[in-house]
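Protein chains in written order, with my numbering: chain A, 1 to 143; chain B, 1001 to 1143.
To keep things clear, I will list the structure first and then write my remarks on it.
2 protein chains.
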Amino acid sequence: MECFTGLEVSPRKVDYLKFLLKKDETVRTTDISSELNVDPSTTTKTLGDLASHGYVDHVPYRGVRLTEKGKEYAQFLIHRHNILSLLLTHYGLSAEESCHEVSRFEAYVSKDAIEKICASMGHPTVSVCGKIPHGSCKMGEHS
Amino acid sequence: MECFTGLEVSPRKVDYLKFLLKKDETVRTTDISSELNVDPSTTTKTLGDLASHGYVDHVPYRGVRLTEKGKEYAQFLIHRHNILSLLLTHYGLSAEESCHEVSRFEAYVSKDAIEKICASMGHPTVSVCGKIPHGSCKMGEHS
DNA sequence: CATAATGTTGGAGTGTACCCAAATTTTTTG
DNA sequence: CAAAAAATTTGGGTACACTCCAACATTATG
């Protein structure tokens, strides 16, 4: 699979996908809505969009979950976020600032670039090296 | 002055402002349109928008030019582009790739972050250090 | 000064993102 | 287990960014 550029999902949808991966199970519309601070109807519509592109399986009134494709994609999204955040912490930004800054533009950085940056950094085990504490990269903080 | 976050201008408008600074004189609608590959009417409308925010002075049928505020802002835009491009070249991306990649997300990187990155890099004289050849950062290539 | 070139207006379309009110479905509970 | 409560979806709108086309206005030029 893994045939994507990393630019196929809009900024906001990235948030949905990341949240869904974090939950790793069937999630309810309300959970997403309160996490992302949007009206439930907005969530329903966005979910329909993600579903139409094969990222999630959405059973009306019952819940959503990532498809295999969605899971793979979401993993890339998290990885991209982590790599970019780590990168910025090397340039004088705190973990929090990096995380916040990155969440604003990450959706526009290609998988290609991320792979090169990641390789150049020696494929850091970001969430293990401690450079980007989990706590500072929790989702939902970037609203 | 310099009281801006760097996030006030949308991606596309950044292109207009950068082009206007490059020209550094009264520019015609057609010049902009052919540079950015958009219909002249699109240019006219975008110019109206930039003018309403004080970045340019637009005299209908006669031309546009940056205001002092616009010039200052555009200088930041160029600086941001250069700093970010330079940064990416440090991570395995070629000058061309960096330039192209950066043009996709630069509009979402704050002045604050740029200042920190720039300081952390020792305030490089980007266009002089040769790391980002002028030729590879010409505007209009990012379409 | 008439025609060509240039520029602007008005109208319209796409895509993203969002909300509200009303209708529907599921869940709870008396 | 039916009625009320909670959750979800639909339908209808708003708003912003960006864009094009056709028609109209202005400016430049032969």
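Ideal placement from N, C-alpha and C gives every residue a C-beta, glycine not left out.
Asked                                                                                                                                                                            : Found
Go ahead and pull the three-state DSSP assignment for ARG12/A.                                                                                                                   : helix
State yes or no: is the beta carbon of GLY70/A nearer than 8 Å to at least one beta carbon in chain B?                                                                           : no
Short of 8 Å in beta carbon distance, which residues of its chain neighbour VAL1014/B, apart from the five on each side in sequence? Order them along the chain.                 : LEU1077, GLU1106 and ALA1107
In this structure, how does DSSP classify CYS1003/B when only helix, strand and coil are distinguished?                                                                          : coil
Taking 8 Å as the cut-off, does the segment 62–70 of chain A touch the segment 82–89 of chain A (at least 3 CB pairs, one atom from each stretch)?                               : no
How is the alpha helix (DSSP H) around GLY1070/B delimited, first residue to last?                                                                                               : 1068–1089
Name, in chain order, the residues that DSSP records as bridge partners for GLY54/A.                                                                                             : Paired residues: none, contrary to the question.
Any C-beta of chain B sitting closer than 8 Å to the C-beta of GLU25/A?                                                                                                          : no
Would you mind sorting GLY122/A into buried or exposed? The rule is 16 or more other CB atoms within 10 Å of its CB.                                                             : exposed
Are the segment 1101–1120 of chain B and the segment 1003–1019 of chain B touching, with three or more C-beta to C-beta distances below 8 Å?                                     : yes
Count the other C-beta atoms from every protein chain shown that fall within 10 angstroms of the C-beta of GLU101/A, then say buried if there are 16 or more, exposed otherwise. : buried
For chain B, find out if any of its Cβ atoms is closer than 8 Å to the Cβ of GLU141/A; answer yes or no.                                                                         : Residue confidence for GLU141/A is low, a pLDDT of 40 falling below 50, so the modelled location carries little weight; the figure read from the coordinates is stated next. So no, GLU141/A is outside the interface.
Mapping DSSP to helix, strand and coil, what is VAL1064/B?                                                                                                                       : strand
Could you spell out the range, first to last residue, of the alpha helix (DSSP H) harbouring VAL1102/B?                                                                          : 1095–1105
Counting C-beta neighbours from all protein chains within 10 Å, is the total for CYS3/A 16 or more, i.e. buried, or is it exposed?                                               : exposed
Mapping DSSP to helix, strand and coil, what is VAL38/A?                                                                                                                         : coil
In three-state terms, what does DSSP make of VAL109/A?                                                                                                                           : coil
Per DSSP, VAL1027/B forms a beta bridge with which residues?                                                                                                                     : VAL1064/B
If you count every other CB in all the chains shown that lies within 10 Å of the CB of GLU25/A, and 16 or more means buried, which is it?                                        : exposed
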